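Engineer: Can you keep this structure in mind? I'll have questions shortly.
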DNA sequence: TGCTTATTGTTCATGATTGAACGAATATGT
DNA sequence: ACATATTCGTTCAATCATGAACAATAAGCA
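Protein chains in written order, with this note's numbering: chain A, 3 to 126; chain B, 3 to 126.
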């Protein structure tokens, strides 16, 4: 499934991890790298090595926070937002294809189950 | 989830990918590396780099096929089988914990759905 | 204020996985 | 039988995520 997403994003020159970054910055502009790493469930260093690629393509901008000069505030550029919305169409088509095998109620049920399973695994 | 499995296997000194190898060799003794790679959905080179660790620990044995000298026949050693059965207990406990959130019928339903979804994604 | 501790982002070495290129062994076609 | 093509396993470089160690900065407290 991750694989299918990868090929679906190829036309946009994006990799799954990069799409995750763009999506989270779209919802929460001005995020710090630390918070972004926690949202994505990856290490901080991962973000550090992921951003330069997006920055060179002018998809995101990094600016130092005025109050806390340790923090880098991340924002989507206009181009980044445009590319994201474009890529989300491919993403949506993929989701729809995956969901085409089930009825909406079944999708909801499965989603609810996944949450319960994740909870069950968190508490050993 | 992959993460939970990783920590569950730590006491046995195994990593998730290694458990996959042992499980498949238990079911299909004498498998070739190529077939094993296809079963695990990984590249052949991955198997090549995964096996030496298991071979040094005397968990699997590699022998050249008599008829086709390109093929390496893979078998579980007695120690490998013992370790596998041991590790499967931890694995089973994990599965049970994950499934504790659902009824058996729901588990079956989810399994069936996953198959349909995978099929839907394979045909673009 | 001055000292200690925490937090943020970076760097580095490590391990996992991939894909391409390769040599050896076998299969296929003429 | 012989040349060609295919298959199997290996090697190598490249990519990616991880965790530990680090410098810079800020927060907490005497």
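Ideal Cβ positions, reconstructed from N, Cα and C, are used throughout, including at glycine.
Just so you know, these numbers come straight off a predicted model, no measurement behind them.
With 16 as the cutoff for other CB atoms within 10 Å, does residue 35 of chain A come out buried or exposed?
Structural biologist: Buried, because 16 or more other Cβ atoms sit within 10 Å of the Cβ of residue 35 of chain A.
Engineer: Give me the DSSP bridge partner(s) of residue 64 of chain A.
Structural biologist: A:76.
Engineer: Going along the chain, which residues of the stretch 102-121 of chain B sit with their C-beta nearer than 8 Å to a C-beta in chain A?
Structural biologist: Result list: 102, 103, 104, 108, 111, 112, 115, 118, 119, 120 and 121.
Engineer: Compare the C-alpha of residue 90 of chain B against each of B:3, B:22, B:5 and B:4 and name the closest.
Structural biologist: Minimum Cα distance to residue 90 of chain B is reached at B:22.
Engineer: Distance check for residue 71 of chain B and residue 50 of chain B, CA to CA, integer angstroms please.
Structural biologist: So the two alpha carbons sit approximately 16 Å from each other.
Engineer: Just the chain A side, please: which residues come within less than 7 Å of residue 6 of chain B by C-beta, in chain order?
Structural biologist: Correct list: 123.
Engineer: So, is the C-beta of residue 3 of chain B closer than 8 Å to a C-beta in chain A?
Structural biologist: Yes - at least one Cβ of chain A is within 8 Å of the one on residue 3 of chain B.
Engineer: Are the CB atoms of residue 52 of chain A and residue 3 of chain B within a distance shorter than 8 Å?
Structural biologist: Not a contact, by the Cβ cut-off of 8 Å.
Engineer: For residue 78 of chain A versus residue 24 of chain A, is the C-beta spacing smaller than 8 Å?
Structural biologist: It is a contact, given that the beta carbons lie within the stated cut-off.
Engineer: Residue 85 of chain A to residue 31 of chain A, Cα distance in whole Å?
Structural biologist: Approximately 16 Å between the Cα atoms of the pair.
Engineer: Going by DSSP, which residues form a beta bridge with residue 33 of chain B?
Structural biologist: In the DSSP output, where bridge partners are listed per residue, residue 33 of chain B has B:76.
Engineer: Looking at the structure shown, is residue 22 of chain B part of a helix, part of a strand, or coil, going by DSSP?
Structural biologist: DSSP places residue 22 of chain B in helix when its eight states are reduced to three.
Engineer: Using the Cα positions of residue 66 of chain A and residue 87 of chain A, report the straight-line distance between them to the nearest angstrom.
Structural biologist: The alpha-carbon atoms of residue 66 of chain A and residue 87 of chain A are separated by roughly 26 Å.
Engineer: Measure the C-alpha to C-alpha separation of residue 75 of chain A and residue 63 of chain A and round it to an integer number of angstroms.
Structural biologist: Their backbone Cα atoms lie some 8 Å apart in a straight line.
Engineer: Beta carbon of residue 92 of chain A, beta carbon of residue 42 of chain A: below 8 Å?
Structural biologist: Result no, Cβ atoms of residue 92 of chain A and residue 42 of chain A do not sit closer than 8 Å.
Engineer: Note the first and the last residue of the continuous alpha helix (DSSP H) segment covering residue 9 of chain A.
Structural biologist: Segment 4-11, the alpha helix (DSSP H) holding residue 9 of chain A.
Engineer: Short check: CB of residue 18 of chain B to CB of residue 27 of chain B, under 8 Å?
Structural biologist: No.
Engineer: Does the distance from the C-beta atom of residue 115 of chain B to that of residue 108 of chain A stay below 8 Å?
Structural biologist: Contact flag set, yes.
Engineer: By Cβ distance, which residues of its chain are closer than 6 Å to residue 16 of chain B, with the 5 residues on each side in sequence left out?
Structural biologist: Taken in chain order, the residues that qualify are 89.
Engineer: Since residue 16 of chain B is in the alpha helix (DSSP H), which residue starts that stretch and which ends it?
Structural biologist: Premise fails: residue 16 of chain B is in no alpha helix (DSSP H) and is neither H nor E.
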